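Undergrad: Here the protein sequences come in this chain order: S and E. Position 204, counted from 1, in the first sequence is what the working numbering calls 204; the numbers after and before it change by one each time, with no gaps. Just so we're on the same page, the working numbering is the position in the second sequence counted from 1, plus 1000. Every residue gets a Cβ at the ideal spot worked out from N, C-alpha and C, and that includes glycine. Small disclaimer: the values here were computed from a predicted structure and weren't measured.
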Amino acid sequence: MKVKYIKNGLNVIYALLILVPLLLVFLTTFKSPEEVYRNVLGLPKEFRFENYTSLFVEQSMSTYFWNSVIVTISSVFLTLFFASMIAFSITRIGGIIGNLIFALFTLGMMVPAQVNMIPLYQLVSSLGLTNSLIGLIAVNSAVTLPVAVFILTGFMKSLPKSLFEACTIDGANNWQIYTNIALPLSLPSISATAIFLFVMNWNDLLYPLLFITNNDYKTLPLALLEFQGEYLTNYPMLFTGVMIASAPMVIAYVFLQRYFIDGMTAGAVKG
Amino acid sequence: MKIKQNKLLYLFILPGLILYLIFFILPTLSALFYSITNWDGLTPEYDFIGFENYVNLLTNDSIFAKSFFNNIKFMLFVVIFQTGFSLLFALFLVKNTKTNIFLRALYFFPTILSSVSVAFIWSFIYDPNLGILNTFLKKLNMDFLAHNWLGDESIAIFSIAFVQVWFHTGQMLIIFVAGLQNIPEDLYEVAKIEGANRWQKFRYVTWPLVAPAATIVMAYTTIQSFKAFDLIFAMTRGGPNYATEILATNIYSTAFRSFKFGYASAESVLFMIIIALITFIQFRVLRANRVQY
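Structure, rendered in structure tokens:
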């Protein structure tokens, strides 16, 4: 019985440890800086949306938001498209060559981003792709390719080989097998990978930090980081930025919890 | 016909391969190349200086050494607490009841936030003047525990390590829950018949069988703690006085603040070697501890 009390007690503490900071962020967005000084923990005097409106008026918040949307969606789409084709080929080719191709791509999972960021910066600037969303998309897709190939190959290898062979006998070519058989059957693993990549790309700071200096091309995490220099300890403004930047993921999480948990855990375990 | 089809399969790899070679393999190999030069990243000229960068890093760079030891401190704290907490709460929440599923989802929640957001939230909590942590401690009349959590050189790295634990424990918990749910119920039955107490059940049934999940959690957590660039960069930028500088942030500032690209490249190569070594040792140790029933 005593164990049960300890267990419940610890669960309550941990739940509060997660909830209180999040609630605090939410409530603070409705306060003015002075109000925060007077009353850190309490409810705001009134729910005013001034911080939200001023972030969109004073800052190019909508630009940052759309940049994040464009970069994230394009990168996820490109990575999934390339990775699923690679995974399909590895599965179909098989043998030593298949394993070698697999090794070539998945070796990249061992390389931390900080290892190649310096030459990457050099490369991107010599291609004239700094301050462009295309540069970000290309780099994001390339660096997330290894983990996507890893997860998708693992899944496609578990599909029955006889299925592909039967299609070949029926006269289907590889492109048809890929689009009509392999892709639809791999949907569970593709969607899990997609969620993992979505969260990774949406939240990425390093590459925008390296490649983007122009306000027109900043993504949300980089814009937030720079608010820090501008607003210093004006936490209501900073947290309003946090709310706007996190909103899409939070809303998606509320509705797709299971998929988020599965997808991100698959990414962690396999990546 | 068959051969033609197989050739087509190689075409499937091509677009991804080109992108990967240009934006991943080439830069990684270039890092090796630049690491033996004195390139500053700005001018087109540079000289080959052999292993001078490496020698300097290993013998003559107190900040590199400090970053390395900070990294180890950070890693130990995060690995111990993140693995411990996630295992503990996974044991609490292993059954698929409604409450447990809700709590798992709640604990997982921070994982979907960006490091920058998490950094802001905790900078506010840790704020020495208006932060709720110190306010809370004062209300409990425990003023002596109040600190300048991010400004005090001796504790700043641990303050951030705690945030990292808060950030990712929920994710690791899920891996443990999956591992625990795979343990056959009859092993516990047998243990019960044999008269095992709660601790013995954990020690001789749960722990050995959850070891594969623990391997994954610890390996992932270790790598994660070496890559905690975003969080540290957004919270302290490595300060005060390099107290929270880890290798990843140090490589960034050496390259993009001090403009020593060659030197930073050598640092990044060592960084990769360190990570590979730690991963290797970890897998060795944890694999040796594995059992089968």
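Kindly say whether F1023 of chain E, judged by its beta-carbon, lies nearer than 9 Å to any beta-carbon of chain S.
TA: Answer yes: the Cβ-Cβ gap between F1023 of chain E and chain S drops below 9 Å somewhere.
Undergrad: Listing by chain order, which chain E residues have their CB less than 9 Å from the CB of G108 of chain S?
TA: Going along chain E in sequence order, the residues near G108 of chain S (Cβ under 9 Å) are Y1020, F1024, I1025 and T1028.
Undergrad: Contact defined as beta carbons within less than 8 Å: I believe P119 of chain S pairs with I1275 of chain E. What is the distance between those atoms, to the nearest angstrom?
TA: Rounded, the Cβ-Cβ distance is 18 Å, inconsistent with contact.
Undergrad: Could you tell me if Y1010 of chain E is buried or exposed, where buried requires 16 or more neighbouring beta carbons within 10 angstroms of its beta carbon?
TA: It counts as exposed.
Undergrad: Just the chain S side, please: which residues come within less than 7 Å of I1275 of chain E by C-beta, in chain order?
TA: The contacting residues are P112.
Undergrad: Helix, strand or coil for V1285 of chain E, going by three-state DSSP, please let me know.
TA: Helix, per DSSP.
Undergrad: In three-state DSSP terms, what is T1279 of chain E?
TA: In this structure, T1279 of chain E counts as helix in the three-state DSSP scheme.
Undergrad: So, does the CB of G1239 of chain E fall closer than 9 Å to a CB anywhere in chain A?
TA: Of the chains in the structure shown, none is chain A; the protein chains are S and E.
Undergrad: What residues from chain S crowd round T1135 of chain E, counting only those whose CB sits closer than 9 Å?
TA: In chain order: V40 and L41.
Undergrad: Please confirm whether S979 of chain E has its beta-carbon closer than 9 Å to some beta-carbon of chain S.
TA: Not covered by the structure: residue 979 of chain E. The range shown for chain E is 1001 to 1293.
Undergrad: Return the residues of the region 15-42 of chain S that lie within a Cβ-Cβ distance of less than 9 Å from chain E, sorted by chain order.
TA: Result list: A15, L17, I18, L19, V20, P21, L22, L24, V25, T28, V36, Y37, V40 and L41.
Undergrad: Have a look at E:N1182, E:F1108, E:I1063 and E:M1218 and flag the residue whose alpha-carbon is nearest the alpha-carbon of L19 of chain S.
TA: When each option's Cα is compared against that of L19 of chain S, the closest is E:F1108.
Undergrad: Am I right that L159 of chain S and L185 of chain S are in contact with their C-beta atoms under 8 Å? What's the rounded C-beta distance?
TA: Confirmed, Cβ separation roughly 6 Å.
Undergrad: Going by DSSP in three states, F1089 of chain E sits in which element: helix, strand or coil?
TA: It is helical.
Undergrad: Whose CA, out of E:A1213, E:G1016 and E:A1255, lies closest to the CA of M85 of chain S?
TA: The residue with the shortest Cα to Cα distance from M85 of chain S is E:G1016.
Undergrad: Would you call the CB atoms of A1090 of chain E and I1223 of chain E closer than 9 Å?
TA: No, Cβ-Cβ distance for A1090 of chain E and I1223 of chain E is not below 9 Å.
Undergrad: Identify the contact partners of F1074 of chain E in chain S, using a Cβ-Cβ distance below 9 Å as the criterion.
TA: Correct list: empty, because the minimum Cβ distance to chain S is about 15 Å.
Undergrad: So Q257 of chain S contacts chain E; which residues on that side make the cut at Cβ distance below 7 Å?
TA: Result: A1105.
Undergrad: What does Y1252 of chain E reach in chain S if we use C-beta pairs closer than 8 Å?
TA: Per Cβ cutoff of 8 Å: Q114 and M117.
Undergrad: Would you mind working out which of E:S1253, E:H1147 and E:L1140 sits nearest D1127 of chain E, comparing C-alpha positions?
TA: For D1127 of chain E, the nearest C-alpha among the options comes from E:H1147.
Undergrad: What residues in its chain sit with their C-beta under 7 Å from that of I1216 of chain E, if we drop five residues either side in the sequence?
TA: Closer than 7 Å at the Cβ level, and outside the excluded window around I1216 of chain E, lie I1175.
Undergrad: Less than 7 Å between C-beta atoms, sequence neighbours within five positions excluded: which residues of the same chain meet that for F198 of chain S?
TA: Closer than 7 Å at the Cβ level, and outside the excluded window around F198 of chain S, lie T72 and V76.
Undergrad: State the Cα-Cα distance for the pair M1001 of chain E and M61 of chain S, rounded to the nearest angstrom.
TA: The pLDDT assigned to M1001 of chain E is 45, lower than 50, so where the model puts this residue is not dependable, and the model offers no usable value.
Undergrad: Using CA coordinates, which residue listed in E:P1027, E:L1231, E:N1250 and E:I1049 is at the minimum distance from V1302 of chain E?
TA: With chain E represented from 1001 up to 1293, any question about residue 1302 of chain E goes unanswered, as that position is not in the structure.
Undergrad: If you measure from the beta carbon of V1285 of chain E to each beta carbon in chain S, is any gap under 9 Å?
TA: Answer no: the Cβ-Cβ gap between V1285 of chain E and chain S never drops below 9 Å.
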